[in-house]
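Trainee: Input: one structure, supplied below.
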Amino acid sequence: MPTPDFVLALRSRIGHDPLWLPGVGGVVLDDAGRVLLGRRADDGRWTIITGMVEPGEEPAVALKRECEEETGVVVEVEYLLDTGVVGPITFPNGDVCTFLNLDFRCRWVSGTARVNDDESLDVRWFPLDQLPELNARHRALVLGAGSFDGVTRFVS
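For the working numbering, count along the sequence shown from 1 and bump the result up by 4.
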């Protein structure tokens, strides 16, 4: 899904000035213990499945929506893994955003993983011992989700 309408409306008023936005991330695991990752179209990096929470939307509902929109996969959101601030990020168009992210462990329910929108170049399942290059935060989330102990982490 492209930039949400509510962000476009804000941008029409504030230009590229910084925005504070709620975000979600999902470490999606299948029955074989593999993780679903997407390769971003804007910078080519592999990441967990991420997205923005729409106004009034529950974070877990937002993540389920993002997973299906971006990958064609239906998930069950199981646990909150982590909360943390990501950014500020300056996007190629000059927009600046900082995200308050809520990251969840999710279980694959149905669907075949595929590129399902224009936000990804590739979508693929990876064994936890064969991960592509990920940023440090996403690598820690993925590896932590595989052995989750029920304790949510709060990044300082």
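For glycine and all other residues, C-beta sits at the position ideal for the given N, C-alpha and C. Quick caveat, the model's predicted, so the values are computed rather than measured.
If you drop the 5 nearest sequence neighbours on each side, which residues of the same chain put their C-beta closer than 7 Å to that of P96?
Mentor: The count along the sequence shown starts at 1 and reaches residue 96 at position 92. D46, listed in sequence order.
Trainee: Would you tell me roughly how many angstroms separate the C-alpha atoms of V57 and V11, rounded to the nearest one?
Mentor: Indexing the sequence shown from 1 puts residue 57 at position 53. Indexing the sequence shown from 1 puts residue 11 at position 7. Cα to Cα, the separation comes out at about 11 Å.
Trainee: Going by beta carbon distance, what residues of the same chain come within less than 8 Å of L85, once the five residues before and after it are set aside?
Mentor: As a first step, residue 85 is located in the sequence shown; it is residue number 81 there, counting from the start. Answer for L85: V31, D107, F108, R109, L145, G148, A149, F152, T156, R157, listed in chain order.
Trainee: Leaving aside the five residues before and after T116 along the sequence, list all residues of the same chain whose C-beta is less than 7 Å from its C-beta, in chain order.
Mentor: For this step, residue 116 is matched to residue 112 along the sequence shown. Cβ neighbours of T116 beyond the five flanking positions: G76.
Trainee: Can you tell me which residues form a DSSP beta bridge with D107?
Mentor: The residue labelled residue 107 in the question sits at position 103 within the sequence shown. Paired residue(s): G29, D86.
Trainee: Compare the Cα-Cα distances from Q134 to each of R44, G60, L40, N120 and report the closest residue.
Mentor: The count along the sequence shown starts at 1 and reaches residue 134 at position 130. The option with the nearest alpha carbon to Q134 is L40.
Trainee: Just confirm the distance between the C-beta atoms of L14 and F103, as a whole number of angstroms; I'd bet it's less than 8 Å.
Mentor: Here residue 14 corresponds to residue number 10 of the sequence shown, with the count starting at 1. Here residue 103 corresponds to residue number 99 of the sequence shown, with the count starting at 1. 14 Å between Cβ atoms; not a contact.
Trainee: Please report the straight-line C-alpha distance between N120 and N105, rounded to a whole angstrom.
Mentor: Mapped onto the sequence shown, residue 120 falls at position 116. Mapped onto the sequence shown, residue 105 falls at position 101. Annotation: N120 to N105 spans about 23 Å, alpha carbon to alpha carbon.
Trainee: Quick one, which of E70, D99, A140 has its alpha-carbon nearest D122's?
Mentor: As a working note, residue 122 is residue 118 in the sequence shown. Answer by Cα proximity: E70.
Trainee: So, with DSSP's three-state summary, where would you put R157?
Mentor: Position 153 of the sequence shown, counted from the start, is the residue given in the question as residue 157. Looking at R157 - three-state DSSP - the assignment turns out to be strand.
Trainee: For the beta strand (DSSP E) containing I18, list its first residue and its last residue.
Mentor: In the sequence shown, the residue the question calls residue 18 occupies position 14. Run containing I18: none in the beta strand (DSSP E); it sits in the alpha helix (DSSP H), 9 to 18.
Trainee: According to the neighbour-count rule (16 or more other Cβ atoms, all chains shown, within 10 Å of its Cβ), is G42 buried or exposed?
Mentor: In the sequence shown, residue 42 corresponds to position 38, counting from 1. It is buried - the Cβ of G42 has at least 16 other Cβ atoms within 10 Å.
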